[in-house]
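Residue numbers (my numbering): 899 to 1151.
Glycine included, every Cβ here is placed at the ideal spot set by N, Cα and C.
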């Protein structure tokens, strides 16, 4: 198993942000990434729909003989991680909004949790909220991840969208915000511009470290050679694959 690749999937391009962290931490590993852009976004679908799509995504990767699967999507993790762990014999690593580190770093204000409507409704987030959310404010962001899908990471259009989205929270004293969708990591610059002075948290680095721990426990870490990354999409390959590759080269903030 040591020399088998690691499979990573997301509803679209967002998981490439997690892929960057994992590749940086584990440069000898081979990664296979699948983005289900044809069916994006997942965040406005029912839990049953998300589970069905996530199982299809995992099956695509299993055909590539992967040694582990990373669900690089908060929404899909909430809907499908438990099911995949019960049915697969390989490790399944998921995502969760970085509410715990944000709560530990909190000063006097509130923690804004930016996420898809589906993530905020699901049981996994509710349990996290019960444990670390005493000063958290869920902020549903329908339509935000689509900007990353379109490759619009900055500029007037997204600035106007974010200003309108965050208008109801202007009088709330936020001292941090959690990026509860992997797509939002690519929009950090625009989000920081809209939330001046607010510290941003995401779960990407924690997920990368968890993957490393799980592979170390099984003695499955690849210990020689140079790693590779291959990317696949269910959408328009001619348009999406170059965008994936461009986002993969983005500097990790």
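Subject >> residue 961 versus residue 1116 - alpha carbon distance >> reply: Taking the chain shown and counting its residues from 1, the one referred to as residue 961 is at position 63. Taking the chain shown and counting its residues from 1, the one referred to as residue 1116 is at position 218. So the alpha carbons of these two residues sit roughly 21 Å apart.
Original post:
Can you tell me whether residue 1006 is buried or exposed, with buried defined as 16 or more other CB within 10 angstroms of its CB?
Top reply: As a first step, residue 1006 must be located in the chain shown, where it is residue number 108. Burial call: exposed.
**OP:** Figure out for me which residue from 1109, 901, 932 and 926 has the closest Cα to the Cα of residue 1135.
**Re:** Counted from its first residue, the chain shown places residue 1135 at position 237. Of 1109, 901, 932 and 926, the residue nearest in Cα terms is 932.
**OP:** Can you have a look at residue 955 and say buried or exposed, based on whether 16 or more other CB atoms are within 10 angstroms of its CB?
**Re:** As a working mapping, residue 955 is identified with position 57 in the chain shown. Looking at its Cβ environment, which holds 16 or more other Cβ atoms inside 10 Å, residue 955 is buried.
Subject >> Other residues of its chain near residue 1018: CB distance less than 6 Å, five sequence neighbours each side excluded >> reply: Within the chain shown, numbered from 1, the residue matching residue 1018 stands at position 120. Around residue 1018: 1036 and 1038.
Subject >> Length of the line joining the Cα atoms of residue 1020 and residue 981 >> reply: In the chain shown, the residue the question calls residue 1020 occupies position 122. In the chain shown, the residue the question calls residue 981 occupies position 83. If you take the alpha carbons of residue 1020 and residue 981, they lie about 14 Å apart.
**OP:** Would you please state the rounded distance, in angstroms, between the beta carbons of residue 965 and residue 994? I believe it to be under 8 Å.
**Re:** The residue labelled residue 965 in the question sits at position 67 within the chain shown. The residue labelled residue 994 in the question sits at position 96 within the chain shown. So it is not a contact: roughly 22 Å between Cβ atoms.
Subject >> Status (buried if at least 16 other CB within 10 Å, exposed otherwise) for residue 909 >> reply: Your numbering for residue 909 matches position 11 in the chain shown. It is buried - the Cβ of residue 909 has at least 16 other Cβ atoms within 10 Å.
Original post:
Should residue 919 be labelled buried (16 or more other beta-carbon atoms within 10 Å of its own) or exposed?
Top reply: Reading the chain shown from its first residue, position 21 is the one you call residue 919. Classification of residue 919: buried, given that the 10 Å Cβ count is 16 or more.
**OP:** Measure from the alpha carbon of residue 1059 to the alpha carbon of each residue in 940, 1042, 1087 and 1028, then state which is nearest.
**Re:** Sequence index remark: in the chain shown, residue 1059 carries index 161 (1-based). If we check each option's Cα against that of residue 1059, 1042 comes out closest.
Original post:
How big is the Cα-Cα spacing for residue 1096 and residue 990?
Top reply: On the chain shown, position 198 is the one that residue 1096 refers to. On the chain shown, position 92 is the one that residue 990 refers to. Taking the Cα positions, residue 1096 is about 32 Å away from residue 990.
Subject >> residue 928 CB to nearest heavy atom of the ligand GTP below 7 Å >> reply: You won't find the ligand GTP in this model; it holds no ligand whatsoever.
Original post:
Can you tell me the Cα-Cα spacing of residue 1081 and residue 1130, whole angstroms?
Top reply: Here residue 1081 refers to the residue found at position 183 of the chain shown. Here residue 1130 refers to the residue found at position 232 of the chain shown. So the alpha carbons of these two residues sit roughly 17 Å apart.
Original post:
Taking the continuous beta strand (DSSP E) assigned at residue 1097, which residues delimit it?
Top reply: Here residue 1097 is taken as the residue at index 199 of the chain shown, counted from 1. Looking at the DSSP string, the run of the beta strand (DSSP E) that includes residue 1097 is 1097-1099.
Subject >> Bridge-paired residues (DSSP) for residue 1130 >> reply: Residue 1130 sits at position 232 when you count from the first residue of the chain shown. The bridge partners DSSP lists for residue 1130 are 932.
**OP:** Classify residue 914 as helix, strand or coil using the three-state DSSP reduction.
**Re:** Stepping through the chain shown from its first residue, residue 914 is reached at position 16. Note: residue 914 maps to helix in three-state DSSP.
**OP:** Just tell me which of 1055, 905, 1106 and 983 has its CA closest to the CA of residue 1128.
**Re:** Walking along the chain shown from the start, residue 1128 turns up at place 230. Closest by alpha carbon: 905.
Original post:
Which of helix, strand or coil does DSSP assign to residue 966?
Top reply: To locate residue 966, count along the chain shown from 1; it is residue 68. DSSP places residue 966 in strand when its eight states are reduced to three.
Subject >> Run of the alpha helix (DSSP H) containing residue 1144, from where it starts to where it stops >> reply: Locating residue 1144 in the chain shown gives position 246, where the first residue counts as 1. Per DSSP, residue 1144 belongs to the alpha helix (DSSP H) from 1135-1146.
Original post:
Are there 16 or more other CB atoms within 10 angstroms of the CB of residue 925, so buried, or fewer, so exposed?
Top reply: As a first step, residue 925 is located in the chain shown; it is residue number 27 there, counting from the start. It counts as exposed.
**OP:** Report all residues from its chain with a CB closer than 7 Å to the CB of residue 1173; omit the five preceding and five following residues, and keep chain order.
**Re:** Any question about residue 1173 goes unanswered here, given that the chain covers just 899 to 1151.
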